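Colleague: Everything in the sequence shown is counted per this note's numbering, starting at 888 for the first residue and increasing by one. All C-beta atoms, glycine included, are put in the ideal place defined by N, C-alpha and C. All values derive from a computational prediction rather than experimental measurement.
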Amino acid sequence: MKKYFQSLAYITFVIVTSFAIIKAITAYENPFSLYENPLVWIAITALITVVLLKELVNIIALKKAENLQLEKDGINPEEIDHWAWVKSLVKKWTQAKAVEEEEEIILDHNYDGIQELDNSLPPWWLYMFYATIVFGVVYLVKYHMLNGDNQTVEYQKEVAIAKRELEAFRATSKDAVIDMETITALTDESSLNRGKAVFNLNCAACHQKDGGGGIGPNLTDKYWILGGGIKNIFKTIAKGGRDGKGMVAWEKTLKPADVHKVASYVVSLQGTTPAKAKEPQGDLYEEESSDAAENKEEKAEEVIENSDNTNTEETSTTKTK
Ligand code: HEC
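1) Considering arginine 1081, what are the terminal residues of the alpha helix (DSSP H) in which it resides?
2) Quick one: complete alpha helix (DSSP H) runs, 4+ long, within the stretch 1097–1153?
3) With DSSP as the reference, identify every bridge partner of isoleucine 993, one or two as the case may be.
4) Who are the near neighbours of glutamate 1181 in its chain, counting only those whose CB is closer than 6 Å to its CB and skipping five residues on each side?
5) Just curious, the alpha helix (DSSP H) that alanine 1164 is in, first and last residue?
6) Here's a check: name, in chain order, each residue in its chain whose Cβ is nearer than 8 Å to the Cβ of serine 1177, leaving out the five neighbours to either side.
7) Should tryptophan 1111 be labelled buried (16 or more other beta-carbon atoms within 10 Å of its own) or exposed?
8) By alpha-carbon positions, which one of Lys984, Leu1027, Thr981, Gly1169 ends up nearest to leucine 1106?
9) How would you write the range of the alpha helix (DSSP H) that asparagine 945 sits in, first residue to last?
10) When the Cα of phenylalanine 1121 is compared with those of Ser1078, Tyr1152, Glu1173, Lys950, which residue comes out closest?
11) Taking the straight line between their C-alpha atoms, what separation do you get for tryptophan 928 and alanine 896?
12) If we count the other Cβ atoms within 10 Å of its Cβ and call it buried at 16 or more, is glutamate 1174 buried or exposed?
13) Do you know how far the Cα of proline 1167 is from the Cα of asparagine 1087?
14) Where does alanine 1150 land, buried or exposed, given buried means 16+ other C-beta within 10 angstroms?
15) For leucine 1171, does the three-state DSSP call read helix, strand or coil?
16) Flag this pair as yes or no: are the beta carbons of tryptophan 980 and proline 1010 separated by less than 8 Å?
17) My guess is that alanine 930 and alanine 907 are in contact by the Cβ rule of under 8 Å, so how many angstroms apart are they, rounded?
18) Spell out whether any CB of chain B is found under 8 Å from the CB atom of isoleucine 947.
19) Tell me the DSSP secondary structure of tyrosine 1026 in three-state form.
20) With a CB to CB cut of under 8 Å and the five nearest residues on each side skipped, what residues in its chain are close to valine 901?
21) What separation, rounded to the nearest whole angstrom, lies between the Cα atoms of leucine 1171 and leucine 1113?
22) Taking 8 Å as the threshold, find out whether the stretch 1128–1147 comes into contact with the stretch 1071–1086 through three or more Cβ pairs.
23) Tell me whether tyrosine 922 sits in a helix, a strand or coil according to DSSP, three-state version.
24) Whole angstroms is fine: what's the gap from asparagine 1089's alpha carbon to methionine 1067's?
25) Anyone know if the C-beta pair for valine 1154 and alanine 1072 falls short of 8 Å?
26) Which term fits glutamine 1038, buried or exposed, when burial requires 16 or more other beta carbons within 10 angstroms of its beta carbon?
27) Using DSSP with H/G/I as helix, E/B as strand and the rest coil, what is tyrosine 897?
28) Note down the Cα distance separating tyrosine 922 from glutamate 916, rounded to an integer number of angstroms.
29) With 16 as the cutoff for other CB atoms within 10 Å, does isoleucine 1117 come out buried or exposed?
30) For tyrosine 998, which residues does DSSP report across the bridge?
31) Quick one, which of Leu1013, Leu1156, Thr1069, Asn1006 has its alpha-carbon nearest glycine 1099's?
32) Please say whether proline 1104 and lysine 1163 have beta carbons closer to each other than 8 Å?
33) Ordered along the chain, which non-local residues of its own chain (more than five positions away) have a Cβ less than 8 Å from that of isoleucine 1065?
34) Applying the criterion that 16 or more other CB atoms from any shown protein chain within 10 Å of the CB defines a buried residue, is asparagine 963 buried or exposed?
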């Protein structure tokens, strides 16, 4: 009777817990997140533990019954070698002579007391050796006789595939990878507004809201430590400044599109007059295209006119080619 209740309790537990787990997994959004749904993990662990324990108890009981039976038949269970099958397997796979039998295979030479055994090659080693021969033949035929792709060709093929995939991705994705060759500064208002928001949140602490500079350099002047223009600025923001200077690689925290927007915003700060401008650092940077430089001059004047207005949404931006 006691056994019957035990089994009933066990079966009920397994069924109810499994049901609850399935229910939880289908209902929760992130069922396997330990922080969000620790109960799921507790239930799974409990279920596995109970099932394993029950099996363990079963095995122990079976073993006991077996031993009792053996004793009944007059055999001492301790005399049975439980590992006999392992030993025979090892022997078969190594074919080594037992230490006691080594006398039989010892060779005649005696090099200052160092003697040699004529053991046969262990099968595990021998089969591996055969496998290398087969591999060698297959390799020879495939790559040297049938001219299979070597690493260089494989590499070129993979690059071609990746390029095609990237193009497909660029054509369909809004948040596309930015091509450093053809990057231009964004000038539309919504991009610059986004750039400004990203700047105020992440960059203003070191560069000031108006870009005047503090811990980081002034971003409104024509002098750049790491190079001006959208390409260099994008690169600095994405990859960071020189080691140990404090400007980290923002590509780890910002999406490429946001780096593009904040870089465009930084470009748009060019020539504005910040409240407290840090002295210029780095070298004078000249735009490659002359009309872009002209634009900048114009813009600088425009901004000086309403110099207390640091709201750059209204100022026009320079478009670099
Ligand atoms: C912890 C302070 C800190 C923060 C935050 C920070 N910067 Fe910088 N930034 C620096 C320092 C310091 C340098 C100079 C790096 C160097 O000398 O190599 C720098 C350099 C730069 C430069 C290059 C300036 C030049 O003269 O070449 C740009 C552009 C720039 N930061 C933009 C940004 C943008 C955009 C953000 C926000 C996404 C940002 N920074 C956030 C400290 C900071």
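Modeller: Walking through what the data contain:
1) 1076–1089
2) 1116–1126
3) Leu1004
4) Note that glutamate 1181 scores 47 on pLDDT, short of 50, meaning its location in the model is unreliable; the coordinates nonetheless yield the value given after this. Closer than 6 Å at Cβ, skipping near neighbours: no residue.
5) Run containing alanine 1164: none; DSSP gives neither H nor E here.
6) Per-residue confidence for serine 1177 stands at a pLDDT of 44, beneath the threshold of 50, marking its modelled position as unreliable; the derived number appears in the next sentence. Nothing meets the Cβ criterion.
7) Buried: at least 16 other Cβ atoms inside 10 Å.
8) Gly1169
9) Asparagine 945 -> alpha helix (DSSP H) spans 925–959.
10) Tyr1152
11) 22 Å
12) Flag for glutamate 1174 reads buried.
13) 21 Å
14) Burial call: buried.
15) The three-state secondary structure of leucine 1171, taken from DSSP, is strand.
16) When the beta-carbon positions are compared, tryptophan 980 and proline 1010 come within less than 8 Å of each other.
17) 6 Å
18) No chain B appears in the structure shown, which is made up of a single protein chain.
19) helix
20) Leu934, Val937, Val938
21) 11 Å
22) yes
23) coil
24) 23 Å
25) Closer than 8 Å, so yes.
26) exposed
27) helix
28) 13 Å
29) buried
30) Ile1001
31) Leu1156
32) no
33) Phe1121, Pro1143, Ala1144, Val1146, His1147
34) exposed
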